[in-house]
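See structure below.
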Amino acid sequence: METRVTVISDTHCRHGEFDLPAGDLLIHCGDMFDLFSKPPQRLFGRTPDRIAEIDAWFGRQRFDRILCIGGNHDRELEAALGRQPQPFRNAHFLHDETVEFRGLKIHGASWVPFLPRHAFFKGPAGLADAWAKAPPGIDILVTHTPPQGILDAARSGKSLGCPALADELPRIAPRVHCFGHVHASAGQRKIGETLFINAASIESGTGKMLPPVSFILTSRLG
1 METRVTVISD
11 THCRHGEFDL
21 PAGDLLIHCG
31 DMFDLFSKPP
41 QRLFGRTPDR
51 IAEIDAWFGR
61 QRFDRILCIG
71 GNHDRELEAA
81 LGRQPQPFRN
91 AHFLHDETVE
101 FRGLKIHGAS
111 WVPFLPRHAF
121 FKGPAGLADA
131 WAKAPPGIDI
141 LVTHTPPQGI
151 LDAARSGKSL
161 GCPALADELP
171 RIAPRVHCFG
181 HVHASAGQRK
191 IGETLFINAA
201 SIESGTGKML
211 PPVSFILTSR
221 LG
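Numbering follows UniProt numbering, with no gaps: position 109 of the sequence shown is 109.
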């Protein structure tokens, strides 16, 4: 069975600028919001609910299933998870969780290294524990951070990816690994049997919206 997958990431409140093609599965790899900007004020000073707004946007997209995780800018999502396991009605939030869709096994987790003042931060030990929860042989791995050394270079050339995630990748061996976080390294790379996709949707340096990444993946069951 073929599944049409579209991946976006790091939209930072600009998701409304997309005109996404219809498909089977939409994946958002986190950073839906912007940690350093305040939501605009509505009439009478009421602060808009940005989670509800993007949830409504998810509901307008033409996909059979929408899966998402958070990123280091998504404090609102991190806080919402403390109140309820699923912050959205129109998308499923993967929180150290594996799901199956159309014969594909998909695991997602939001954790990031190196940013203790941001959302979804874990130190080295916590990251090692988190990535150990991903089962081997899955079809799609969804993280916000890249693994160290793969599509993780900042504009300065500094590697910003997660060492603990890189250590676990040989065991997990996903067919596709989708992430974002490092805008300057947006793109794709095939290494061995894994297709790595940095789906960051805003171009580093220019602020230009990049097109979503789409691909077709066939279930191992045929």
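Cβ atoms here follow ideal geometry from the backbone N, Cα and C, with glycine treated the same way.
Asked, Found
"Cut-off 7 angstroms between Cβ atoms - residues of its own chain near ALA154, not counting five sequence neighbours on either side", "LEU160, VAL182 and ALA184"
"Alpha-carbon spacing of THR113 relative to HIS144, whole angstroms", "The sequence given here has Pro at residue 113, not Thr. Distance between the alpha carbons of PRO113 and HIS144: 10 angstroms."
"Buried versus exposed, by CB contacts within 10 Å (16 or more), LEU221", "exposed"
"Classification of SER201 by the beta-carbon crowding that lies within 10 angstroms, buried from 16 upward", "buried"
"Spatially closest choice to PRO21 from THR3, ASP55, HIS28 and PHE63, by CA coordinates", "PHE63"
"DSSP bridge partner residues for VAL7 (one or two, in chain order)", "ILE27 and VAL213"
"C-beta contact flag for PHE120 and LEU25 at 8 angstroms", "no"
"Pairwise C-alpha distance: CYS13 and ARG189", "27 angstroms"
"Beta-carbon proximity check, residue 226 vs GLY71, cutoff 8 angstroms", "Nothing about residue 226 can be reported from this structure: the residues present for the chain run from 1 to 222 only."
"For LYS190: DSSP bridge partner residues", "LEU195"
"Backbone CA spacing between LEU104 and THR98 [nearest angstrom]", "10 angstroms"
"Completely contained beta strand (DSSP E) runs for the segment 55–122, where each covers 3 or more residues", "63–68, 97–101 and 104–109"
"Residues of its chain near PRO147, where Cβ-Cβ distance is below 7 angstroms and the 5 sequence neighbours each way are ignored", "GLY161, CYS162, LEU165, ALA166 and LEU169"
"Cβ distance (whole Å) where ILE106 is taken to contact ILE140 below 8 angstroms", "4 angstroms"
"Assigned exposure category for THR3 - 16 Cβ within 10 Å defines buried", "buried"
"Nearest residue (CA-CA) to ASP74, options ALA173, PRO212, ASP31 and PHE215", "ASP31"
"Beta-carbon proximity list for GLU78, same chain, < 7 angstroms, skipping 5 on both sides", "GLY70, ALA119 and PHE120"
"Residue range of the alpha helix (DSSP H) that includes LEU165", "163–172"
"Nearest to VAL142 (by Cα), restricted to the options PRO124, ALA56, LEU94 and SER214", "LEU94"
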